[in-house]
Every structure is written in structure tokens, then in C-alpha cells.
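Quick note on the working numbering: the sequence shown kicks off at 37 and runs consecutively.
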Amino acid sequence: MRVTMWGFAVDVDERLVGCSADSLRTQLAEYEDGERREFDVDVRFPDSFTGDVMRVMASIPYGETRTYGEVAAELDSHAVAVGQACGHNPVPLVVPCHRVVGADSLGGFSAAGGVDLKRALLDHERGATQTGLDAF
């Protein structure tokens, strides 16, 4: 399904999310409006390295970030592999790949809008909880 956040169209594979498309759209709109910090959905993670990275991303609290290197260390992997897995996240926004950043930059973002949407998402969350992302 395609949703629009801050003017950017983002594809979310609703087959991996355990709720109706209408419920997911409502929750995403509540997130965008600042009324929701977590999604009330079950995510079916792929049985792959991407799924392992998605589980770690899903555990990053609202308003916080982790570096690609920190996620890689948790999985005994490499930062580049983590970045590639983040780029294959089939449920962006729900599984917050935007919360994974470079050690000294925002890093990339594969959803529509690229880094501009990533910055908007981080700024949105930073508005509620100051995280020190001003350097980016």
C-alpha cells in the first residue's frame, strides 16, 4: 500500500503487518500528527539478515537513533551490510529504518523522498524528544 507522509509517497508492504490497511493508515496519520509514538501492529519479519536488522530497528525507541555500526555490532556483522538491509526494509515507517544513521551523517534512506524524508521523520521525533541530531 502507498501512504503519504509529509508529502512523500511511501510504499509499505501491508502483507507483513498484522492489521487492516485502514487501521495502519489511521495509525500512520496519528504518528504524523504527533498523536502516536508506537504502532499497534504485529510485524512478520523475513527469515533473513534483513529480518534480523528489522528486529533491531523495531527495538529502537521513538526519538532515539543507532548507528549502522552499533546495529552491526549487535548482530556481529558489518555496517555496510546493515545499511543494505535497511534499504530493503519492506515496512518503512512501521519498522523505523530512519532511526539508523551514520556515525557522522544521516546515512541513506531508500523510501521515497530519500534523505529529505529521513530528516523530516527524525525532526518530527526530535520535536517531541530532543536527541542531539543537530549535527546532521
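The C-beta atom is built at its ideal place from N, Cα and C for all residues, glycine as well.
For this session: Taking all protein chains shown into account, decide if Gly119 is buried (16 or more other Cβ within 10 angstroms of its Cβ) or exposed.
Result: buried
Exercise. What does Asp47 pair with, by DSSP beta-bridge criteria?
Worked result: Asp47 is bridged to Arg38.
Exercise. In whole angstroms, what is the alpha-carbon distance linking Cys55 and Asp78?
Worked result: 7 Å
Problem set entry | Segment contact flag, the region 104-124 with the region 63-81, C-beta cutoff 8 Å, min 3 pairs | The region 104-124 vs the region 63-81: no contact.
For this session: Enumerate in chain order the residues of its own chain whose CB-to-CB distance from Arg61 is below 7 Å, with the five nearest sequence positions on each side excluded.
Result: Val39
Problem set entry | Counterpart residues of Pro128 in DSSP-defined beta bridges | Val131
Exercise. Which residues mark the beginning and the end of the alpha helix (DSSP H) in which Tyr104 is found?
Worked result: Where Tyr104 is concerned, the enclosing alpha helix (DSSP H) stretches over 104-111.
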